[in-house]
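Okay, structure first, notes after.
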Amino acid sequence: MGRKSLFSLVFLLVYMSLTVVIVSAQLCLDNFGTFRPGDTFDKNRQHILSSLATEVAAKDGFFNASGGTDPDQVYAMGMCIPGAKQKLCSDCIKDASEQLIQTCPKQTSALHWSGGGETLCMARYSNQPSFRPLDIDQSSIGSNVGDLRTNITAFNIILKRLVGRMINEASSSSSGDDKSVSNSRFYLADVTALTSSQMVYALVQCTPDVSPSSCKTCLRRSVDAYNSCCLGKQGGYVYWPNCIFRWDLYPFNGAFDLLTIVPPPTLTNKDGKTIQTGAIIGIVAATVIAISLLALGAAVCRSRKKYEAFFSGTGTEDDITTAGYLQFDIKEIEASTSNFLASNKIGQGGFGVVYKGTFPNGIEVAVKRLSVTSDQGETEFKNERLHVSRICDSWTVLYQV
1 MGRKSLFSLV FLLVYMSLTV VIVSAQLCLD NFGTFRPGDT FDKNRQHILS SLATEVAAKD
61 GFFNASGGTD PDQVYAMGMC IPGAKQKLCS DCIKDASEQL IQTCPKQTSA LHWSGGGETL
121 CMARYSNQPS FRPLDIDQSS IGSNVGDLRT NITAFNIILK RLVGRMINEA SSSSSGDDKS
181 VSNSRFYLAD VTALTSSQMV YALVQCTPDV SPSSCKTCLR RSVDAYNSCC LGKQGGYVYW
241 PNCIFRWDLY PFNGAFDLLT IVPPPTLTNK DGKTIQTGAI IGIVAATVIA ISLLALGAAV
301 CRSRKKYEAF FSGTGTEDDI TTAGYLQFDI KEIEASTSNF LASNKIGQGG FGVVYKGTFP
361 NGIEVAVKRL SVTSDQGETE FKNERLHVSR ICDSWTVLYQ V
């Protein structure tokens with residue numbers, strides 16, 4: 001299998017492991033009042049929402065208007081994220097408008113964020129010119145069901161650093177201070193590396209009718225909501241009437257199609273030839289493995305010396321000697337197993353029972369006590385001792401009774 005095929009397979013498996021979250025949400029706001037279905041306000045609402053999709057698509061992704069007269073005047077606004085294709089934007093606004101009409105049957109103010117498809121949009125209507133002052137009393141929050149498979153603390157640090165910079169930039173950009181109103185005002189989508197093979201994607205946006213300071217306040221409240229609801233989740237969203245914050249481990253809603261993600265730098269060898277990314281990864285991986293093995297070998301040598309120093313001795317008439325390996329005092333073995341206490345029994349094999357033993361310095365061993373009832377005699381004991389010594393080294397000792 002070639003490198004490209006292998007990479008495609010790995011990417012497919014990683015992508016399939018992610019759980020996609022549906023991020024459409026709706027708020028029917030009762031605190032702005034109600035109307036009776038079929039009355040003048042309701043008719044004005046249906047009329048302005050029915051044409052909202054066409055107007056938003058024709059006006060580069062943002063449109064607001066009003067219809068009717070007081071006290072039945074309706075204000076409506078539609079917005080798609082910057083860069084959305086006209087057809088996708090129109091379909092998104094149309095779906096959001098229809099949802100508002102069907103599921104908010106009596107509220108004079110409501111909004112619908114639609115983000116389950118190829119773009120993200122918002123449609124809203126109200127009996128007020130806008131939702132100012134900033135409405136942060138109602139929200140819609142959701143997350144992926146899938147949990148993060150990486151270090152949660154590291155993920156939170158990386159995400160908050162990314163979003164903090166995005167909030168400052170989106171709410172204090174030159175477009176944010178301009179009196180013009182467009183869907184590019186108070187909007188930013190960005191991406192950063194989570195690991196060497198995984199990116200994290202984030203999007204923030206405020207409705208263009210709020211002030212820069214109100215936008216920043218709303219987005220900061222979104223991050224606070226994330227801390228309360230969604231720590232450890234792969235992705236999710238926080239919607240307020242005036243802003244949105246969404247993040248995930250994969251690109252979403254076409255928001256990142258125009259972003260240029262800088263690849264790792266290309267290295268060249270002494271002949272000026274390009275070193276492929278796969279080769280770079282292989283070299284680095286081999287180096288890391290080699291260093292790790294050297295460190296592990298050194299640790300094993302130190303540990304082995306420690307074990308040999310502990311287990312070695314001059315020996316007495318009660319000593320048991322493994323063939324060229326380690327020596328143990330019978331009294332030490334009996335003490336380590338609490339005189340072969342039944343609760344220390346961990347198994348039974350050929351010609352005897354195996355006990356768990358613990359020496360005073362914390363080192364644990366398995367002690368096989370050969371049974372005197374075995375008719376194999378001294379020869380079998382020696383064969384068993386040689387076999388175990390070669391396999392288990394310092395961790396297993398034999399004791400004949």
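Sequential numbering of the sequence shown, starting at 1, is according to the UniProt record's numbering.
Each residue gets a CB set at the ideal place from its N, CA and C atoms; glycine is no exception.
Owing to the predicted nature of the structure, the values given are computational and were not obtained by experimental measurement.
Counting C-beta pairs closer than 8 Å gives three or more between the region 141-160 and the region 233-250, which meets the contact rule. Judged by DSSP in its simplified three-state form, Cys215 adopts helix. Around the CB of Thr195, fewer than 16 other CB atoms lie within 10 Å, so the residue is classed as exposed. Only residues of its own chain outside the window of five on either side were considered, and among them Ser130 have a CB closer than 6 Å to the CB of Asp209, listed in chain order.
When DSSP states are grouped into helix, strand and coil, Ser126 belongs to the strand group.
Counting of Cβ neighbours within 10 angstroms places Asp248 among the buried residues, the total reaching 16 or more. In this structure, the CA atom of Cys28 is about 16 Å from the CA atom of Phe41.
The beta carbon of Ala25 is closer than 6 Å to those of Trp113, Ser140, Tyr239 in its chain, skipping five residues each way along the sequence. If you draw a straight line from the Cα of Arg220 to the Cα of Gly33, it is about 28 Å long.
Two segments are said to touch when three or more pairs of C-beta atoms, one from each, lie closer than 8 Å; by this definition the region 155-175 touches the region 184-192. It is roughly 21 Å from the alpha-carbon of Pro212 to the alpha-carbon of Leu111.
Around the C-beta of Thr103, fewer than 16 other C-beta atoms lie within 10 Å, and the residue is accordingly described as exposed. With respect to the C-alpha of Asn242, the residue from Met79, Ser338, Cys89, Gly38 having the closest C-alpha is Met79. Sixteen is the threshold: when 16 or more other Cβ atoms of the shown chains lie within 10 Å of the Cβ of Ser222, as they do, the residue is buried.
Around Leu88, the same chain offers Glu118, Thr119 as residues with beta carbons nearer than 6 Å, after the five sequence neighbours per side are excluded.
Spatial neighbours of Pro82 in its own chain (CB-CB distance under 7 Å, excluding positions within 5 residues in sequence) are listed in chain order as Gly61, Asn183, Ser184, Tyr187.
Spatial neighbours of Ser97 in its own chain (CB-CB distance under 6 Å, excluding positions within 5 residues in sequence) are listed in chain order as Leu49, Leu52, Ala123. The beta carbons of Gln46 and Ile101 sit closer together than 7 Å. The C-beta separation of Ala57 from Gln99 comes to about 18 Å, leaving the pair out of contact by the 8 Å criterion. Taking C-alpha positions only, Thr69 is separated from Ser109 by approximately 16 Å. Beta-bridge annotation (DSSP): Asn64 is paired with Met77. About 12 Å separates the Cβ atoms of Leu159 and Val204, ruling out a contact at the 8 Å cut-off. When DSSP states are grouped into helix, strand and coil, Leu188 belongs to the strand group. When the five nearest sequence neighbours on each side are left out, the beta carbons in the same chain lying within less than 8 Å of the beta carbon of Ser90 are those of Ala53, Thr54, Val56, Ala57, in order along the chain.
Taken through DSSP and simplified to helix, strand or coil, Glu364 comes out as strand. When DSSP states are grouped into helix, strand and coil, Cys92 belongs to the helix group. Annotation for Thr54: the continuous alpha helix (DSSP H) segment containing it runs 52-58. In the three-state DSSP reduction, Asp70 falls in the coil class, being neither helix nor strand. At a Cβ-Cβ threshold of 7 Å, Gln107 and Asp39 do not count as neighbours. If you look at Thr108, you'll find it in the beta strand (DSSP E) that goes 107-114. Per the C-alpha coordinates, the member of Ile346, Gly67, Ala202, Met166 positioned closest to Gln128 is Gly67.
For Asn156, the enclosing alpha helix (DSSP H) has its first and last residue at 152-172. In the DSSP annotation of this structure, Arg36 is not part of any beta strand (DSSP E), being labelled neither H nor E.
Residue pairing of Ser143 in beta bridges, as defined by DSSP: Gly236. Of the candidates Asn44, Thr207, Arg36, Phe256, the residue whose Cα lies closest to the Cα of Met77 is Thr207.
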